[in-house]
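S.K.: In our numbering, the protein residues as written are 134 to 341.
Glycine residues also receive a C-beta, built at the ideal position from the N, C-alpha and C atoms.
#1: Could you check whether the segment 203-223 touches the segment 153-168, counting it as contact only if at least three pairs of C-beta atoms, one from each stretch, sit closer than 8 Å?
#2: Can you tell me whether residue 176 is buried or exposed, with buried defined as 16 or more other CB within 10 angstroms of its CB?
#3: Would you check if the distance between the CB atom of residue 237 and the CB atom of residue 210 is smaller than 8 Å?
#4: Go ahead and pull the three-state DSSP assignment for residue 188.
#5: Tell me the rounded alpha-carbon separation between residue 178 and residue 146.
#6: Within 10 angstroms of the Cβ of residue 190, are there 16 or more other Cβ atoms? Answer buried if so, exposed if not.
#7: Alpha carbon to alpha carbon, what distance is there between residue 157 and residue 293?
#8: Among residues of its own chain, excluding the 5 on either side of residue 271, which ones have a beta-carbon nearer than 6 Å to its beta-carbon?
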């Protein structure tokens, strides 16, 4: 099968584990589609054969999340790869979230900002338009530097702090109407299930 390989701390453990199962012969015939250059490097090191969306579509995508609501709507992108993640997820058959116990929330937006990937040209105007939706947007900078963080696609990221997001589907539509807002980190109606590690020995399966 072809597996979409997510980006971020939790997803990296899934990539490593898939590589281990390939090496010991438990898994065979597995191909991966990475959602970032970092994941691509990690997958190659793990011994996973990589393909592109021109060659295959993912049967299953495994990825982490920053926040997960009870209906499996999620916020993703604080790791900086939301556009490529959404492209891979949307092109596949099934999407499963993998997370620890800190990620489920009652309402999205409780724990942090909503990332929005934006076109660098005119980013100031784009952030003004995002602010008009009721958030406090901030251009993401490189850690410890005064330069904007740049995604693998060459874009900027606006971290938009909303008080809460009770209707993520409507907000996603509003954000994507803004010229310059290329994609947002709201993943609505995409996940089939979430595997949540409550402890080292307790796993909860959340289903839509």
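M.R.: Taking the coordinates as given:
#1: yes
#2: buried
#3: no
#4: coil
#5: 13 Å
#6: exposed
#7: 44 Å
#8: 292
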